[in-house]
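Structure, as structure tokens:
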Amino acid sequence: MAAGMLLLLTAATNEKKTTVFIIGDSTAANKDISGDKQERGWGMALQCYFDDNIVIDNHAVNGRSSLSFINEGRWDTVVSRMKPGDYVIIQFGHNDEKPQANRHTDPGSTFDYNLAKFVRETREHGGIPILMNCVVRRNFFVNAPDNDDDEKLRTTTFKDGVKMVEGDSLIDTHGLYRVAPRDVARRMNVHFVDANQITHDLEQGLGTEPSKKLHMWFLPGEEPSVPKGRQDNTHYNVYGAHMVARLLADAICQEVPVLRKFRTDADLTVDRHGRGQYLSLQKAMEQTDPNKETVVQILGGEWEKPKLPKKSKVRFVLREGAKWKSDGKQQ
Numbered sequence: 058m059a060a061g062m063l064l065l066l067t068a069a070t071n072e073k074k075t076t077v078f079i080i081g082d083s084t085a086a087n088k089d090i091s092g093d094k095q096e097r098g099w100g101m102a103l104q105c106y107f108d109d110n111i112v113i114d115n116h117a118v119n120g121r122s123s124l125s126f127i128n129e130g131r132w133d134t135v136v137s138r139m140k141p142g143d144y145v146i147i148q149f150g151h152n153d154e155k156p157q158a159n160r161h162t163d164p165g166s167t168f169d170y171n172l173a174k175f176v177r178e179t180r181e182h183g184g185i186p187i188l189m190n191c192v193v194r195r196n197f198f199v200n201a202p203d204n205d206d207d208e209k210l211r212t213t214t215f216k217d218g219v220k221m222v223e224g225d226s227l228i229d230t231h232g233l234y235r236v237a238p239r240d241v242a243r244r245m246n247v248h249f250v251d252a253n254q255i256t257h258d259l260e261q262g263l264g265t266e267p268s269k270k271l272h273m274w275f276l277p278g279e280e281p282s283v284p285k286g287r288q289d290n291t292h293y294n295v296y297g298a299h300m301v302a303r304l305l306a307d308a309i310c311q312e313v314p315v316l317r318k319f320r321t322d323a324d325l326t327v328d329r330h331g332r333g334q335y336l337s338l339q340k341a342m343e344q345t346d347p348n349k350e351t352v353v354q355i356l357g358g359e360w361e362k363p364k365l366p367k368k369s370k371v372r373f374v375l376r377e378g379a380k381w382k383s384d385g386k387q388q
């Protein structure tokens with residue numbers, strides 16, 4: 058096949074795929090995985106729960122509010138890439154509630170206005186908006202500690218963490234910022250996913266101590282990438298991001314039934330870009346019992362096929378053009 062014909066065929070194939078854009082803050086954003094860093098956003102993991110007919114294009118960025126996302130031109134970038142039939146997941150609130158003038162908005166006023174702008178302009182370009190409210194913070198304190206910037210949590214160590222005593226009940230920190238997206242959705246007849254309630258139920262269901270396992274909450278010496286430990290009750294680790302992404306994928310499919318046929322899952326996913334639970338197939342196999350039925354997704358790239366027992370119950374699903382290297386050498 059001629060090179061030009063191949064390019065046309067590839068372009069046509071990509072055009073048939075549906076893109077799901079994500080706009081939001083650090084709780085959803087793609088993260089730096091260098092040095093085996095463990096922080097992840099739920100949006101980074103979402104591709105693992107939809108098949109290759111859906112392309113997750115995650116534009117969420119650490120520290121952004123609905124205001125700064127617009128003012129920095131990030132929304133214009135999303136609009137320029139949107140095609141009719143694409144979806145846009147809209148989730149802000151964590152940073153809109155911060156006091157800095159370049160980020161702050163008010164629920165019932167400027168926050169609602171920005172959310173409505175995202176909805177309106179998505180529709181104008183033939184897209185389908187999905188409003189979400191903000192995920193919860195892991196706050197079991199009776200009185201939430203002062204927090205003027207979640208981004209500062211990344212530079213703290215375990216000893217810098219809040220020393221207040223925790224109770225048994227998760228306490229809301231978002232107030233009307235979790236209500237406003239629902240109000241806008243009702244007024245504008247928009248798909249709405251109650252991410253706040255979903256993550257509240259997750260964290261409360263786990264309880265005070267087990268819920269720490271969702272977050273960048275590590276004792277000194279527990280996690281090599283943060284040797285001094287960390288007490289971060291906002292941002293997710295690998296496990297937490299995947300727990301939340303799986304729940305939100307279910308909720309999205311319930312709210313938008315046409316997406317159900319694209320919903321997929323696996324026991325674990327391997328991806329060199331950090332979207333899965335593992336970067337290395339070898340490490341994934343070290344944690345997998347070959348005698349237990351296990352589905353392993355592999356996203357893209359060339360891989361050396363693991364040597365497993367003949368009666369192994371491990372099944373591989375190769376996605377995004379992933380393939381086995383024929384010469385036995387891993388790239």
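Numbered per this note's numbering, the sequence shown spans residues 58 to 388. By construction, the Cβ of each residue, glycine as well, lies at the ideal position given by its N, Cα and C atoms.
Exercise for review: Give me the Cα-Cα distance between residue 159 and residue 230, rounded to the nearest whole angstrom.
Suggested key: 21 Å
**Study point:** Distance, residue 135 Cα to residue 60 Cα
**Key:** With a pLDDT of 40 at residue 60, under the threshold of 50, the predicted position of this residue should be treated as unreliable, though the coordinate-derived value follows. The straight-line gap from Cα to Cα measures roughly 30 Å.
Review point. Identify the residues that DSSP records as bridge partners of residue 380: which are they?
Key: 359
Check your understanding: For residue 379, which residues from the same chain have a beta carbon less than 7 Å from its beta carbon, with the 5 sequence-adjacent residues on both sides left out?
Key -> 355, 356, 357, 358, 360
Review point. How would you call residue 151, buried or exposed, if buried means at least 16 neighbouring beta carbons within 10 angstroms?
Key: buried
Review point. Can you tell me whether residue 330 is buried or exposed, with buried defined as 16 or more other CB within 10 angstroms of its CB?
Key: exposed
Check your understanding: From the DSSP output, which residues share a beta bridge with residue 96?
Key -> 294
Exercise for review: Find the nearest neighbour of residue 93 within the set 332, 303, 238, 121, judged by alpha-carbon distance.
Suggested key: 332
**Study point:** Straight-line gap, residue 103 to residue 303 (C-alpha atoms, nearest Å)
**Key:** 7 Å
Exercise for review: Kindly provide the ranges of any alpha helix (DSSP H) runs that are 4 or more residues long and lie completely inside the segment 151 to 202, ordered along the chain.
Suggested key: 167 to 181
Review point. By how many angstroms is the C-alpha of residue 182 removed from the C-alpha of residue 138?
Key: 10 Å
Practice item. Identify which residue in 116, 141, 140 has its Cα closest to the Cα of residue 394. Key: Residue 394 cannot be examined here, being either before or after the span of the chain that is shown, 58 to 388.
Practice item. Please name the residue in 249, 256, 338, 196 whose C-alpha comes closest to that of residue 310. Key: 249
**Study point:** Secondary structure, beta strand (DSSP E): runs of 3+ residues fully inside the segment 267 to 328
**Key:** 272 to 275, 287 to 294, 325 to 327
Check your understanding: In terms of residues, what are the limits of the beta strand (DSSP E) holding residue 254?
Key -> Where residue 254 is concerned, there is no enclosing beta strand (DSSP E), although the alpha helix (DSSP H) it sits in stretches over 252 to 263.
Check your understanding: Are the Cβ atoms of residue 202 and residue 219 separated by less than 8 Å?
Key -> yes
Exercise for review: Assign residue 206 to one of three DSSP states: helix, strand, or coil.
Suggested key: coil
Check your understanding: Since residue 339 sits in a beta bridge, which residues does DSSP pair it with?
Key -> According to DSSP, which records beta bridges pairwise, residue 339 is partnered with nothing at all.
Check your understanding: Who pairs with residue 144 in a beta bridge, going by DSSP?
Key -> 77, 185
Exercise for review: Identify whether residue 372 lies in helix, strand or coil by the three-state DSSP scheme.
Suggested key: strand
Practice item. Give the secondary structure of residue 64 by DSSP, where H, G and I count as helix, E and B as strand, and everything else as coil. Key: The pLDDT assigned to residue 64 is 39, lower than 50, so where the model puts this residue is not dependable; a value taken from the coordinates is nonetheless given after this. Helix at residue 64.
**Study point:** Environment of residue 156 [buried if 16+ CB atoms lie within 10 Å]
**Key:** exposed
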